[in-house]
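A short worksheet on the structure shown next.
Chains as they are written, first to last, in the numbering used here: chain A, 141 to 592; chain B, 224 to 712.
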């Protein structure tokens, strides 16, 4: 039963009851997503200059063609895929481009939207490549150790390059800034899923019992903890706390899902708390972030003016319920990183709580669709991979959105699809591509089962 | 096995839902519940940006704007400009992006900046639409000719002029010299910083509005109040009856003696004592009236009122109410603790001209929307009776005599009835400072049914030669020019 789908070929007679493939829904939603993005683009131009921006048609056409190509790839190679995933990706990416274009108008000397458009094209291309080339997600299981090796190399690379804004997470090649840690996320998720799928029985049932806690054997746990420690160590060296937190969360989630040991969750939280306190105490960079979170207006009281977090909160507050309207806010007051880490503040100010909630719910849907694929799949690797990829999105959104709205201490991270940053966009398209493949497998296996 | 994993996935999904809920709740907290607090934080530039995002409303004098707005193209977009800045600075004040607002720019800021809720077409309209009203206009009561005449009359000297319409309290002129260009403070750049530093360091204090924010010893001009109190109290009943006044006069309870500049003050009747400004007569009159009636009359004229607003606040003029007789004698001739703003002394002259009634002075005729629809008008102002109407008639007579044959002949205007009173106020330790030259007056044109203007002029550095300083010589010609300007317009 667990290997259903591997032995069946496409030559089966047409079954009596087929699941709807829902590609039409996907296409309709993509059109809506593209139209919404073009509308946003025009709204910015109208608000700022009183005219529809000259590139509106080109922007709409470009986004439309990209989305259409992606749709065709899905229609041909993953016809059973979840119809919500691609439109959500298109809408978030389109909205991100609108927000970056909008902020570009405030910084005429520093235009980020054209580069971001190039990266988005690359991202969608990569999406198509993954959907077309990766016919079965289980292939990835074979490359688990290649993935982890590649992830470690990618994570280590930036150490060799100079630090940018206090963090060593970028490498510069031919004028492009690349953040290799972004790609490492997906690779690590693949590795964790493959490794835990292979060893989950050993992890769950072997080992000594200490009080009420069932410990796994050192032999099984050793490698995975070692790799986790290594990646976290590298991240602390690179001073990128956000990604470090993300890896940790991913690790704990997958370990819990694989073994079902609540103990892991407890141990994970305990370790996280200890780690957070230790890093918060010892690392001045992180320590100041915690202080900013506790007292966002301390710098104002001290007469130094508002810091970035305070400016971000002002922006969200200015948005209120319905927002000022695109192009009419002043989130550029945040200054540095307004287009990347703080992009959500622009959404919050100009689209209001209504728009912000819509964005959160879009992310929520994306994650939910990932989990749904995980639930529907049969093979443990596929299940863990789907949960892992969805969790990456969920955790990343929580860490950065919680950070800029003052819910948790701020850690630098890219808002998936929205924020300026090429590596992030490409990675997120890769995540959506993998989720498309996984959801396709999940429904295809069911369909074939019904047919048989 | 598979089932247990399904359960774990569901639990993990539930955890993700919790995270989503936390984000939504927190966003609601920041954007709805705490939004007002954050909006009002002093470090939040948004309100400032919105404030300067549209041209500021205009201040109008004689139907023409004396202010404007300039698009600077910066984050704080519009900067204030002034036509004839120094002339109207004591009225407009400044509106600076860096240093805030003063005077009319300050007290009418809601109208001018467009934030006043009265400017909205419908109640709550702007809260719903997030629209901002264009700045409204402020129409002043000033008479441009009178303002110009006062400013030109003071010239390079330090001093102030206040002119009001006696029957209404409308302020017709409000001038203070030396003045400054408020436009130099409008922006937020280095030039505004330099101007601010320079103006504040200037020993002549060009930003001080001497007409309403500086009090001076009124000297002999205060004898108008003393005379009115004496007539009201019945201490003097006949203007031409001899008073029992020695010269020199020894201040009660002391060995200090008070003298006069000229002769003929012994037992002088009120008319000639007023005409020739006999210190001895009025010092004794004040003592005869007593502290209670003297302060009663002074307060009825507006002294000791700390809450005068025109609509910006006016420094209170003072008449000490806890005096011994010697102090009262000095206070009654406008010395000791008696201090008055030029506006207050204009009110004294206006009360005489207006049958004893004091009208509260005001500077804003009405405020309008940008399109001209009236938002608010000055309306009728409270009235206070400072002296009996009969006393006012006698006082008018006394003041007219000063101009026709006394110390104030320089203020006479052919074809008009003019009443006045000169003053030369000693000040400084041991009266060592250059005396202030004062003149207060009112004028009624031939065809007017009532006096049209009351003026007070003070000149601080009247003349280089100390002995030449006099209200009649230095201040009266300025008052005359202002009165002529009003009567002629």
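Even for Gly, the Cβ is constructed at its ideal location relative to N, Cα and C.
Residue 525 of chain A and residue 574 of chain A do touch by the CB rule: their CB atoms are close to 7 Å apart, below 8 Å.
Assigned with DSSP and collapsed to three states, residue 556 of chain A falls in coil, not helix or strand. A Cβ-Cβ contact shorter than 7 Å links residue 439 of chain B with residue 681 of chain B. With respect to chain A, the C-beta atom of residue 601 of chain B has no partner C-beta closer than 7 Å. Separation of residue 333 of chain B and residue 342 of chain B (C-alpha to C-alpha, rounded to the nearest whole angstrom) is 9 Å. Residue pairing by DSSP puts residue 473 of chain B in a beta bridge opposite B/480. Residue 507 of chain A and residue 533 of chain A do touch by the CB rule: their CB atoms are close to 5 Å apart, below 8 Å.
Only residues of its own chain outside the window of five on either side were considered, and among them 575, 578 and 579 have a CB closer than 7 Å to the CB of residue 615 of chain B, listed in chain order. Within the region 261-287 of chain B, those residues whose Cβ lies closer than 8 Å to any Cβ of chain A are, in chain order, 261, 262, 264, 265, 266, 267, 268, 269 and 272. Within 8 Å of the CB of residue 440 of chain A, the CB atoms of chain B belong to 264, 265 and 266, in sequence order along the chain. With a threshold of 7 Å between beta carbons, residue 229 of chain B makes contact with chain A.
Leaving aside the five residues that flank residue 548 of chain B on each side, the residues in its chain whose CB is nearer than 7 Å to its CB run, in chain order, 475, 476 and 510. Per DSSP, residue 409 of chain B is not a residue of any alpha helix (DSSP H), being assigned neither H nor E. With contacts defined by Cβ atoms closer than 7 Å, residue 631 of chain B and residue 441 of chain B do not form a contacting pair. In this structure, residue 369 of chain B sits near residue 709 of chain B, with a CB-CB distance shorter than 7 Å. Under the 7 Å criterion on CB atoms, residue 436 of chain A is classed as non-interfacial with respect to chain B.
Nearest neighbour of residue 205 of chain A by Cα position, chosen from A/171, A/195 and A/219, turns out to be A/171.
The C-beta of residue 445 of chain A comes closer than 7 Å to at least one C-beta of chain B. Counting along the chain, the unbroken beta strand (DSSP E) around residue 664 of chain B starts and ends at 659-668. With respect to residue 516 of chain B, residue 456 of chain B sits close: the two C-beta atoms are nearer than 7 Å.
When the beta-carbon positions are compared, residue 583 of chain A and residue 159 of chain A come within less than 7 Å of each other. Under the 7 Å criterion on CB atoms, residue 349 of chain B is classed as non-interfacial with respect to chain A. For residue 671 of chain B, there is no enclosing beta strand (DSSP E), as DSSP marks it with neither H nor E.
Here residue 259 of chain A is buried, its C-beta having at least 16 other C-beta atoms within 10 Å. Here DSSP, grouped into helix, strand and coil, assigns residue 292 of chain B to strand. The alpha-carbon of residue 169 of chain A is positioned some 42 Å away from that of residue 275 of chain B. If you draw a straight line from the Cα of residue 262 of chain A to the Cα of residue 557 of chain A, it comes to about 13 Å. Taking a C-beta distance under 7 Å as the contact criterion, residue 326 of chain B and residue 358 of chain B do not qualify as a contact pair.
Chain B places no beta carbon closer than 7 Å to that of residue 452 of chain A, leaving this residue out of the contacts.
The beta carbon of residue 321 of chain B is closer than 8 Å to those of 408, 410, 411, 415, 416 and 419 in its chain, skipping five residues each way along the sequence. By the Cβ rule, the region 560-571 of chain B counts as touching the region 523-540 of chain B, because three or more pairs are nearer than 8 Å.
Contacts with chain A (Cβ-Cβ distance below 9 Å) from the region 287-308 of chain B involve 298, listed in chain order.
Taking the Cβ atoms as the reference, residue 576 of chain A lies roughly 4 Å from residue 221 of chain A, within the contact range of under 8 Å. Around the beta-carbon of residue 334 of chain A, 16 or more other beta-carbon atoms lie within 10 Å, marking it buried. With a 10 Å radius around the Cβ and a threshold of 16 neighbouring Cβ atoms, residue 674 of chain B comes out buried. Of B/427, B/254, B/533 and B/319, the smallest CA-CA separation from residue 684 of chain B is found for B/427.
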